[in-house]
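Asks:
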Amino acid sequence: MILAVTIVAGVVLANEPVFRLKALVVTGFDRVSRAEIVARAAIDPRANVWLLNKRAIEARIESIPYVRTAELHRRPLADVAIAITERVPSGCVRDPVGRVVTIDDEDRVLQNACADESLVSYTVRAPIEARAGATLRDPQLMRLEADAQTLGQSDRHFRSYAYDRFGQLVAMLPGGVAVEFGDEDELARKERLIGPIYAQIGERAGQIKAVDLRAPATPVVEFKAPIHTIYTRKSTADHNI
860 MILAVTIVAG VVLANEPVFR LKALVVTGFD RVSRAEIVAR AAIDPRANVW
910 LLNKRAIEAR IESIPYVRTA ELHRRPLADV AIAITERVPS GCVRDPVGRV
960 VTIDDEDRVL QNACADESLV SYTVRAPIEA RAGATLRDPQ LMRLEADAQT
1010 LGQSDRHFRS YAYDRFGQLV AMLPGGVAVE FGDEDELARK ERLIGPIYAQ
1060 IGERAGQIKA VDLRAPATPV VEFKAPIHTI YTRKSTADHN I
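Residues in the sequence shown are numbered consecutively from 860, following our numbering.
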């Protein structure tokens, strides 16, 4: 009898209107709309907020591509607060069939198309199959990101990274100057050649089309028009390269 009364009392208490959702506060969103977060949370306004499946609601919200974490907090008597941490775009990935996606630092696909053309760009040779919200598992992308991290230690900001048809690294400087690094050995040492080369060229630096560092002892500079200049061991030695 006591058990039955307890069960009935529990059911009555669970359905008390006082514990139904009174206010829903959402914070931390910018790229994601509040409406999308509320829709993905799918909280039944008639439900007892203290009996909600907290983790299931958080997981549904975290399935939104731009959401890194979602935390649901309940407040007496029946208020709910959802705190969002968003993912930040770190780059754009392009494939040979023209698909472009935006990724974050964990290679999660945040959206189709590039969210911001100022982001670093990676070009891969395999078609991108991942949808928004999934994680890219492209070994070539991982290599390019590692190269970008190595080259990112300098003050020179490369706009894009790709491999040529021989599988060798080509990075693009602002202004459209292609730097051919060749293999990925000693990338930092090769990158340090660029500054002295620019200094030696002087006023004609704005006419550079490409810098070939595949043979670091004899870097080659290609101008937009009309000549090529080859730097010998002697010229690089003069600049303590």
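By construction, the Cβ of each residue, glycine as well, lies at the ideal position given by its N, Cα and C atoms.
#1: Cutting at 7 Å between CB atoms, please list the residues of its own chain near Val-871, excluding the five before and the five after it.
#2: Just reading off the beta strand (DSSP E) that Thr-982 is part of, what are its end residues?
#3: Where Ala-906 and Leu-995 are concerned, what is the direct C-alpha to C-alpha distance, given to the nearest angstrom?
#4: Quick one: residues in its chain with C-beta nearer than 7 Å to the C-beta of Ala-937, no 5 flanking neighbours on either side, listed in chain order?
#5: What residues in its chain sit with their C-beta under 7 Å from that of Lys-1049, if we drop five residues either side in the sequence?
#6: Please tell me whether Val-952 and Leu-1000 are closer than 8 Å, where the distance is taken between their beta carbons.
#7: Near Arg-893, what residues of its chain come up, given a Cβ to Cβ distance below 7 Å and the 5 sequence neighbours on each side ignored?
#8: Between which two residues does the alpha helix (DSSP H) holding Glu-1004 run?
#9: Val-1029 bridges to which residues according to DSSP?
#10: Around the C-beta of Pro-955, are 16 or more other C-beta atoms found within 10 angstroms, so that it is buried, or is it exposed?
#11: Using 10 angstroms around the beta-carbon of Pro-924, count the other beta-carbons present and answer buried if the total reaches 16, otherwise exposed.
#12: Pick helix, strand or coil for Glu-829, following the three-state DSSP scheme.
#13: Spatial neighbours of Pro-904 within its chain, please: CB distance less than 7 Å, with the 5 preceding and 5 following residues excluded, ordered by chain position.
#14: Roughly how many whole angstroms lie between the Cα atoms of Val-1080 and Arg-1018?
#15: Would you mind stating whether Ala-1021 and Thr-982 have Cβ atoms separated by less than 8 Å?
#16: Give me, in chain order, the residues of the same chain whose beta-carbon lies closer than 7 Å to that of Asp-1023; leave out the 5 immediate sequence neighbours on both sides.
#17: Measuring only the C-alpha atoms, how far is Asp-966 from Gly-992?
Replies: Per the coordinate set shown:
#1: Reliability fails at Val-871, whose pLDDT of 41 lies under 50, so the model's placement of it is uncertain and no value is given.
#2: It spans 979 to 982 - the beta strand (DSSP E) in which Thr-982 sits, taken as one unbroken run.
#3: 38 Å
#4: Val-877, Phe-878, Arg-879, Leu-880, Lys-881 and Val-908
#5: Phe-1040, Leu-1072 and Pro-1075
#6: yes
#7: Val-885
#8: Boundaries of the alpha helix (DSSP H) harbouring Glu-1004: 998 to 1010, taken from the DSSP string.
#9: Ala-1021 and Glu-1039
#10: Residue environment analysis places Pro-955 among the exposed positions, since fewer than 16 neighbouring C-beta atoms fall within 10 angstroms of its C-beta.
#11: buried
#12: Absent from the structure is residue 829, since the part of the chain shown begins at 860 and ends at 1100.
#13: Arg-879 and Leu-880
#14: 19 Å
#15: Yes, the pair counts as a contact, with Cβ atoms nearer than the cut-off.
#16: Val-1029
#17: Answer to the nearest angstrom: the Cα atoms are 10 Å apart.
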